[in-house]
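Using the UniProt record's numbering, you'd call the opening residue of the sequence shown number 1 and step up by one each time.
We put the CB at the ideal spot given by N, CA and C, even for glycine.
Have a look at the structure below before the remarks.
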Amino acid sequence: MAGINHSKSRAVFPDANRKGNGAATHDRHAMNWRRYFWPVVGVAAVVFSLWLLLHELRGISLDDVWDGIVAIPARGWVLAALSSVIAYASLAGYDHIALLHIGKRVSWLFVTLCSFTTYALSHNIGGSVFSGAVIRYRAYGTKGLTGQDVGILVAICWITFVLSTVLVSGLVLVLAPEIVDRFSGTPHHRLSQAAGLAMLLAVAAYIFGSWLHLRPLKVGSFQIHYPALPIVARQLLIGPVELLAAAAIIFFALPAAGNPGYFVVLGVFLVSFSVAQISHAPGGLGVFEVVFLTGLSHMDPVGVLAALLVFRLFYLIIPLVMALGVVLYFEHSQLGRRES
């Protein structure tokens, strides 16, 4: 009877079926549009930023850049390398925090390798939230986590990053509001401090919401509950350490002449990294460099560019090579298990 009724409904309401097919086609077109929009934006950002970068560095030869790299002392290389290790160790903590929140147990080594691989690849690919979700789903699915579990895990990791960026940026704007002048060209100290205070109040509201056990945030079928206070404390500790360490990679590689100090470098890094993330440019290529050179325009651009290349080496290139090795090993082990 069900089959007969279904065929009758198709015969009686042919227009409805055509409309349904039209809606499905429209949805597919919309999905295709969204799928290609951000990659196109990212590529456009890279092209435009590279054009600006070439204009900014006109008159500087590759020999000049190489001389700038060679001029970095051994101490600077060692400290920059150690800072990158601390940064990625902190990033591994993002996944540990998220798993603690959703109450799932996965071996410490697996989580650390998965988190390292996720961030090493997504930092280079761009669109870190979406690319990171795909990588995590592939890895954590083998440990019994569902798609919803992975979705919440990705959301908590993203919240940890945003929360940390807002916290550190708020402190920088309150304590050193003149950093904004490096990009605007005119002083806006009171406005900068007001923005910094607003950021710190947003972090305080997040902590307060956790303490009050407010209702969960609903995103479609997902429910994201406020983390417990001990988890929030971990977020506010591990996340900022990652940002501080990442900025330190550049600071230790910068020349001493004209160096404005770590706090200013940290502020310029936060602006540059945030703009690079928003641009969706793969690896923030060109975007990161243009913004950073603008923030440190008083320094020798050769020295700044050399420091940024060191950052790319330690924060992007070396982790990417290592992550590809981890992926190949993981996929080989999964293939061996299926065959056995």
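Beta-carbon spacing of residue i, residue j below 8 Å
i           : j    : result
residue 353 : I102 : Because the chain in this structure spans residues 1 to 340, residue 353 falls outside the shown range and cannot be described.
T160        : Q235 : yes
A68         : G303 : Residue 68 is actually Gly in this sequence, not Ala. Taking 8 Å as the Cβ cut-off, G68 and G303 qualify as a contacting pair.
G196        : L167 : no
E242        : S115 : no
I72         : V268 : no
I156        : A87  : no
L266        : V203 : no
G291        : V264 : What sits at residue 291 in the sequence shown is Val, not Gly. It is not a contact, given that the beta carbons lie outside the stated cut-off.
Which of helix, strand or coil DSSP assigns to residue i
i    : result
K104 : coil
P177 : helix
M1   : With a pLDDT of 38 at M1, under the threshold of 50, the modelled position of that residue is not reliable, and the figure given next carries that caveat. Reduced to three states, the DSSP call for M1 is coil.
S83  : helix
Y226 : coil
P260 : coil
L296 : coil
Y329 : helix
R75  : helix
A155 : helix
L320 : helix
P282 : helix
R215 : coil
Q334 : helix
Start and end residues, alpha helix (DSSP H) containing residue i
i    : result
Y64  : For the record, residue 64 in the displayed sequence is Asp; it is not Tyr. Counting along the chain, the alpha helix (DSSP H) containing D64 begins and ends at L62 to V70.
D181 : D181 to S184
A306 : P301 to R312
H189 : H189 to L212
T142 : Neither: T142 is in no alpha helix (DSSP H) and is coded neither H nor E.
A253 : L229 to A253
Residue from the options with nearest C-alpha to residue i
i    : options                   : result
D64  : Y315, P301, V321 and I317 : P301
D95  : V287, V85 and S107        : S107
V180 : S192, G170 and S169       : S192
S83  : L335, A246 and R312       : A246
I152 : H225, I125, L171 and L163 : H225
E178 : V111, A205 and L296       : L296
W158 : Y140, A133 and V265       : A133
W66  : F183, A306 and L201       : A306
L308 : E289, T294 and Y329       : E289
F314 : G267, P255, L200 and H123 : H123
N259 : L121, P227, L293 and R138 : L293
L320 : T165, P73, A98 and Y119   : Y119
A92  : R75, F110, K104 and R105  : F110
Y329 : F183, L171, A139 and I318 : A139
R75  : P255, A198 and M199       : P255
I318 : L121, L100 and V70        : L121
E299 : G261, L316, E331 and S333 : One point to set straight first is that residue 299 is Met, not Glu, in the sequence displayed. Nearest of G261, L316, E331 and S333 to M299, Cα basis: G261.
L100 : I125, V150 and L62        : V150
L244 : T186, S169 and Y206       : S169
L175 : Q334, A194 and G185       : A194
K104 : A198, T165, Q148 and L113 : Q148
Any non-hydrogen atom of the ligand FAD within 7 Å of residue i CB
i    : result
I231 : In the structure on display, the ligand FAD does not appear, and there are no ligands present to speak of.
8 Å Cβ cutoff, residue i in contact with chain B
i    : result
F251 : Within the model displayed, chain B is absent; a lone protein chain is all it includes.
Next item on the list: Assess, as a yes-or-no matter, whether the segment 225-242 is touched by the segment 136-146 under the definition of 3 or more beta carbon pairs within less than 8 Å.
Entry: no
Notebook entry, point to check: Does the segment 200-215 come close enough to the segment 265-276 to have 3 or more Cβ pairs within less than 8 Å?
Noted result: no
Margin query: Using a Cβ distance threshold of 8 Å, determine whether the segment 235-249 contacts the segment 183-192, with at least three qualifying pairs required.
Written below: no
Item checked: Segment contact flag, the segment 323-338 with the segment 278-292, C-beta cutoff 8 Å, min 3 pairs -> Contact check between the segment 323-338 and the segment 278-292: fewer than three CB pairs, one atom from each, fall below 8 Å, which does not count as touching.
Next item on the list: Specify whether the segment 76-92 and the segment 244-253 touch according to this definition: at least 3 beta carbon pairs, one from each stretch, less than 8 Å apart.
Entry: Verdict: yes, contact present.
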